[in-house]
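Just below is one structure, and these are the notes that go with it.
Residue numbers (this note's numbering): 28 to 269.
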């Protein structure tokens, strides 16, 4: 087998197409198609995930570790607690947990956030969800962007669907997240039976916000390529000048 390097034009096409897919999936999610969350996770990984022989689009450009990333996370409530106190409630750093007359919901912050700028490692390994666990270090279980994106991509339909729960492993907390352990309680609507949020909503809403962060990061750093994205393509053959 002979390996031949791709020309830069091929990486540019991959970038533009992945950006189009990311934006379309985000808009569809916001319109109520929450099943787009695994597709968002897949596109986030396409842009930034490297492992072994697998290289991300931004690494192909040699830019993954040099650009500035948008971080829209909230500050931790633990920072304002009295010394020695423990936070028993869940923390959602990229989403809002809401209760209204129509039910419970978990919503991505989107542009309501006050984003900060950070480097890739701090962004990728930054906490996005946490909850009280007595036996854990500092009594908190932490889920990072990297853990959530790769779990939804690899286990929940972004690229694959796993057959088993991997119990007693570091990924077990991600399975428990999807099974509802980050959903807070239940409520009654108009005197009806107790209801609760779909178990996967904290995870899916957080993935949507991570997709928003990557979209804004790319808009800030790669406007020259993004200008070629086409969200209203014409019908008919796709042609180019030779």
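Where a beta carbon is used, it is the ideal one built from N, C-alpha and C, also for glycine.
Apart from the five residues just before and just after residue 192, which ones in its own chain have a Cβ nearer than 6 Å to its Cβ?
-> Hits under 6 Å: 202.
Are the Cβ atoms of residue 120 and residue 107 separated by less than 9 Å?
-> In this structure, residue 107 does not lie closer than 9 Å to residue 120 by Cβ.
Residue 119 - DSSP class collapsed to helix/strand/coil | Three-state DSSP puts residue 119 in a strand.
CB-CB under 8 Å to residue 45, same chain, minus the five flanking residues each way: which ones, in chain order?
-> Only 70, 73, 74, 84 meet the Cβ criterion.
Check whether the Cβ atoms of residue 224 and residue 127 lie closer than 9 Å to each other.
-> Taking 9 Å as the Cβ cut-off, residue 224 and residue 127 do not qualify as a contacting pair.
Taking Cβ positions, are residue 199 and residue 137 nearer each other than 9 Å?
-> For the 9 Å CB-CB criterion, residue 199 and residue 137 do not form a contact.
Integer-rounded CB distance, given that residue 35 should sit under 8 Å from residue 244 = Contact doesn't hold; Cβ gap of about 21 Å is too wide.
In terms of DSSP beta bridges, what is residue 102 paired with?
-> Within the DSSP bridge table, the entry for residue 102 names no partner.
List the endpoints of the continuous alpha helix (DSSP H) containing residue 143.
-> Counting along the chain, no alpha helix (DSSP H) covers residue 143; the unbroken beta strand (DSSP E) around it starts and ends at 143 to 145.
Let me know the secondary structure DSSP gives residue 173 once reduced to three states.
-> Of the three classes helix, strand and coil, the one that applies to residue 173 here is helix, per DSSP.
Could you have a look at residue 227 and say whether DSSP puts it in helix, strand or coil?
-> Residue 227 falls in the coil class under three-state DSSP.
Report all residues from its chain with a CB closer than 7 Å to the CB of residue 184; omit the five preceding and five following residues, and keep chain order.
-> Once the five neighbours on either side are set aside, the close Cβ partners of residue 184 are 65.
Mind the definition here: the region 219 to 234 touches the region 170 to 183 only if three or more C-beta pairs lie below 8 Å; say whether that holds.
-> A contact exists between the region 219 to 234 and the region 170 to 183.
By how many angstroms is the C-alpha of residue 28 removed from the C-alpha of residue 62?
-> Their backbone Cα atoms lie some 39 Å apart in a straight line.
Taking the C-alpha atoms as reference points, what is the distance between residue 52 and residue 241?
-> Cα-Cα distance, rounded: 13 Å.
Distance CB(residue 100)-CB(residue 155) smaller than 9 Å = Residue 100 places its beta carbon less than 9 Å from that of residue 155.
Spell out the partners DSSP gives residue 96 in its beta bridges.
-> In the DSSP assignment, the residues bridged to residue 96 are 145.
With 16 other CB atoms within 10 Å as the buried threshold, where does residue 98 fall?
-> So residue 98 counts as buried.
Check the DSSP bridge columns for residue 125 and list the partner residues they point to.
-> In the DSSP output, where bridge partners are listed per residue, residue 125 has 132.
Report the partner residues of residue 167 according to the DSSP bridge assignment.
-> Beta-bridge pairing links residue 167 to 159.
Does the Cβ of residue 164 have 16 or more other Cβ atoms within 10 Å, making it buried, or fewer, making it exposed?
-> By the neighbour-count rule (16 or more Cβ atoms within 10 Å), residue 164 is not buried but exposed.
So, using beta-carbon positions, are residue 134 and residue 123 closer together than 9 Å?
-> Result yes, Cβ atoms of residue 134 and residue 123 sit closer than 9 Å.
Per DSSP, what kind of secondary structure is residue 152 in: helix, strand or coil?
-> In the three-state DSSP reduction, residue 152 falls in the coil class, being neither helix nor strand.
4-residue-minimum alpha helix (DSSP H) runs that sit fully inside the region 193 to 224, ordered along the chain | Listed in chain order, the complete alpha helix (DSSP H) runs (minimum 4 residues) inside the region 193 to 224 are 199 to 203.
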